[in-house]
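Structure first, then comments.
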Amino acid sequence: MPTTVCHSVPSRCPLAVRLQREWLALSQRRAVVRRAQNWGLGLSFSSLDDLLAATGHRAVGATAPVEELPAEVVLAALVRAARTDDLAARVLLQRLLPGLVAAARRWERRHGTATDAFDEVVAAAWVVVREYPYERRPHHLVANLLRDAEYHAFIRPRRRLVVHVPVATDRLDRPVDHERLDPLRELADVVACTPLLTAHEHELLVLLLSGRTTLDIAAELHVSERTVRAHRESMVGRMREAIAA
C-alpha cells in the first residue's frame with residue numbers, strides 16, 4: 012500500500028503526527044479518491060498519493076500517473092480547486108509539508124519551540140492555500156505558497172509599527188556637524204554589531220545600498236518583490252535591536 016510519510020516532520024509534534032495519520036486514512040479512501048477524480052485534472056490516479064506524486068512530490072510507494080502532466084499544471088488546477096474544496100487544499104498542504112517543516116526549524120529559536128513554529132506555519136499555510144491569488148501569480152506555485160506561509164506566520168507579526176517621534180522645529184535650523192556625519196561608517200558599525208546576518212542578507216544590503224529598486228533586486232535574486240521587502244524589514248529590525256542593545 013503506498014504511503015506518504017514525511018520523514019522530516021518532527022516526531023514529537025502532535026499536529027505533524029495528526030496530519031500524517033489523517034493523510035494515511037484519506038489517501039486510500041475510495042469516496043475521497045472519487046471526489047478528487049471529479050476535479051477534471053486530466054490525469055489518472057488511484058490514490059491521493061498518486062495525485063501527490065503528480066505535483067512533483069515523490070512519495071514512497073506511489074506510482075506515477077498514467078497520463079503525465081507537468082507538475083505546475085497539476086498544482087495550478089489544485090490551487091484553483093482549493094478555493095472551494097477543502098480536500099484540494101489538504102492535498103496542497105501535504106505537498107508543502109517538507110517546506111513547512113524547514114520553515115519551522117528556521118524560526119524555532121525566535122518562536123519558542125519547533126512545535127509552536129510548526130503549528131503557526133501550518134495554520135498560515137492553510138489560509139494561504141485557500142486564498143492564493145493564482146491569476147496574479149501563476150508561476151512557481153510551491154515556492155510562492157511556502158514564502159507566503161512563512162511571511163504570514165513569522166515575518167508579518169514581527170514587523171514594527173511606525174512610531175512618530177516629535178522633534179523640536181528649531182533643530183532644523185541648527186548647523187550640521189559634518190565631521191560627525193559619516194553615514195557609511197555609521198552603517199558599517201551597525202552591521203558589525205548585528206549578529207547572524209547571513210551571506211544572503213549581506214548581498215541584499217549591498218544591492219539596497221546601490222540605490223536599485225526592490226523590483227530590480229527581486230528580478231536579480233529570482234524572488235518576489237514582497238520577499239525582498241520582507242527580508243529588508245527583518246534585517247532592518249535586527250539592526251535596530253542591535254543599536255538599542
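Each residue of the sequence shown is one higher than the last, beginning at 12 in this note's numbering. Backbone N, C-alpha and C define an ideal beta-carbon position, used for all residues, glycine too.
DSSP three-state assignment for residue i, whether helix, strand or coil
i	result
Trp137	helix
His211	helix
Leu26	helix
Gly67	coil
Phe56	coil
His242	helix
Arg121	helix
Val277	Outside the shown range of the chain (12 to 256) lies residue 277, about which nothing can therefore be said.
Met12	The predicted model places Met12 with a pLDDT of 43, which falls under 50 and marks its position as unreliable, so this point remains unresolved.
Thr225	helix
Spatially closest choice to residue i from the options, by CA coordinates
i	options	result
Val40	Arg223, Leu26, Ser58	Sequence inspection shows Arg at residue 40; the Val mentioned does not correspond to that position. Ranking Arg223, Leu26, Ser58 by Cα distance to Arg40 puts Ser58 first.
Val132	Glu33, Pro168, Leu216	Pro168
Phe165	Arg117, Leu152, Arg147, Trp137	Arg117
Trp137	Arg158, Ala210, Glu119	Arg158
Leu103	Glu244, Ala47, Tyr162	Ala47
The alpha helix (DSSP H) enclosing residue i, as first and last residue numbers
i	result
Glu161	152-161
Ala164	Note, Ala164: premise wrong, no alpha helix (DSSP H); not H, not E.
Arg46	41-48
8 Å Cβ cutoff, residue i in contact with chain B
i	result
Gly51	Note that chain B does not occur in the displayed structure, where there is just one protein chain.
Entirely within the region 76-103 and at least 4 residues each: give me those alpha helix (DSSP H) ranges in chain order. 82-93
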